[in-house]
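Inspection log for the structure reproduced underneath, given as structure tokens.
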Amino acid sequence: VTPTPTIQPSSTPLTLPTATPPPTGVPTPIGGSPTLTYFADNALTVLDQVGNGVESYQLSLTDFGPTSLSPDGATLLIDAVDTQTRSRQIYAIDRTRNRITPLTSGEGDNFHASWRPDGQEIVFTSTRDGKADIYVMDPDGNGVRLVTPEPGEHQYPSFSPDGSRILFESTREEQQWALFTMDAQGGLVTRLSTPGKIFNDRQPRWAPDGEQIVFVSDRDRSSGEYEVYVQRLDGSENQRVTNFNIGSAGGPTWSPDGTLLAFFSNQNGTNDIYTVDSTGGEPRAVLQTEADERWPSWGR
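At the far end of the sequence shown sits residue 552, using the numbering used here, and the numbering has no gaps.
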């Protein structure tokens, strides 16, 4: 549970230190796209297509959440806790101007921000009304509207590739987390997870073709830890992609061409970023360092 904000962040952009190459490790070609962005401890790191670090930003924030790179690759959305105010808010990092701007403020926590494919809106989670609900806002943080007024907790949203639907996790029907889609206005809700289940399906993301999703689930782990799965929207062809059995996986995301998945796992004690073929196979560590690496996000 994250702390309740005590100070509203300023909307004034702050200049970041000049981006520098991150510490070197053993690079592994990542394929799929020119950039893969992730957090290593408190540094935002950007890798190129062959696994070399091209940017690293040291941030005065902590406890980072998922990232989302804008369609043009210029702006990265993050959520994090400010080390001074202890509030969790959503920030936009302008990679071209080297600036970071808070997009949210006020009561409650704001997190899990993701771009609409045309870059015209951002979908996110907020507890501003006492529970986790899904909202949409303009790229500058204005025009906020609620899209999940129903009972239960709703979070981890993302737009479909055509922008018409939103994929999310929810406890709207049971205590366990299940996966749903709805239209961009909050209607026409469709359940994707098996009804009456006793396990959790979480952290879903659309495939680039809009026909499949990737997510994590504890369905096959009596320890309650998570593996990565892929399934079609109709629930068919459900496939377990990882088989770590030690540690847990999180934050899965697709490469733009849909051939690869990136995720993080603590199977070796600390979190590392891995890629794996979307059809399964042996996961490959992207960069093996002593840093705690989380929340990969692919971009073009």
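Quick reminder that beta carbons are idealized off the backbone N, C-alpha and C, glycines included. Only a predicted model underlies this, so the values are computations on that prediction, with no experimental measurement involved.
- One Cα belongs to Thr400, the other to Ala365, and the distance between them is close to 15 Å.
- In the same chain as Ala295, and ignoring 5 residues on each side of it, the C-beta atoms closer than 6 Å to its own belong to Ser308, Gln310, in chain order.
- Beta bridge pairing from DSSP links Pro354 with Tyr343.
- Around Pro403, the same chain offers Arg424 as residues with beta carbons nearer than 7 Å, after the five sequence neighbours per side are excluded.
- Under the DSSP definition of a beta bridge, Asp453 partners with Ser469.
- Taking the Cα positions, Pro391 is about 6 Å away from Ile374.
- According to DSSP, residue pairing for Asn362 in a beta bridge involves Ser378.
- Counting of Cβ neighbours within 10 angstroms places Glu545 among the buried residues, the total reaching 16 or more.
- If you check the CB distance, Ser322 and Gly371 come in under 8 Å.
- By the neighbour-count criterion, in which 16 or more other beta carbons inside 10 Å mark a residue as buried, Arg349 falls on the exposed side.
- Under the DSSP definition of a beta bridge, Trp506 partners with Leu513.
- Under DSSP, the beta-bridge partners assigned to Ser410 are Leu419.
- Rounded to whole angstroms, Ile352 and Pro460 show a C-alpha spacing of 28 Å.
- Taking C-beta atoms under 8 Å as the contact rule, Ser469 and Asn452 qualify, at a distance of about 6 Å.
- Boundaries for Tyr478: no beta strand (DSSP E) harbours it, and the DSSP string shows neither H nor E there.
- Distance from the CA atom of Pro354 to the CA atom of Gly395, rounded to whole angstroms, is 15 Å.
- DSSP lists Ala292 as the bridge partner or partners of Glu545.
- Ranked by Cα distance from Phe516, the options Tyr478, Arg397, Ala332, Met389 are led by Tyr478.
- Nearest in C-alpha terms to Lys449, of all of Ser320, Asp472, Gly325, is Asp472.
- Within the same chain, Thr287, Thr289, Val306, Glu307 come within 6 Å of Val298 by CB-CB distance, once the 5 residues on both sides are set aside.
- Beta bridge pairing from DSSP links Asp392 with no other residue.
- Taking C-beta separations shorter than 8 Å and ignoring five residues to either side along the sequence, the partners of Pro409 in its chain run His364, Ser366, Val375, Phe376, Thr377, Ile386, Ile418, Leu419, Phe420, following chain order.
- In this structure, the beta-carbon distance from Arg340 to Asp346 does not fall below 8 Å.
- Minimum Cα-Cα distance from Glu359 among the listed residues Ile342, Ser412, Gly317 corresponds to Ile342.
- In the three-state DSSP reduction, Trp458 falls in the strand class (E or B).
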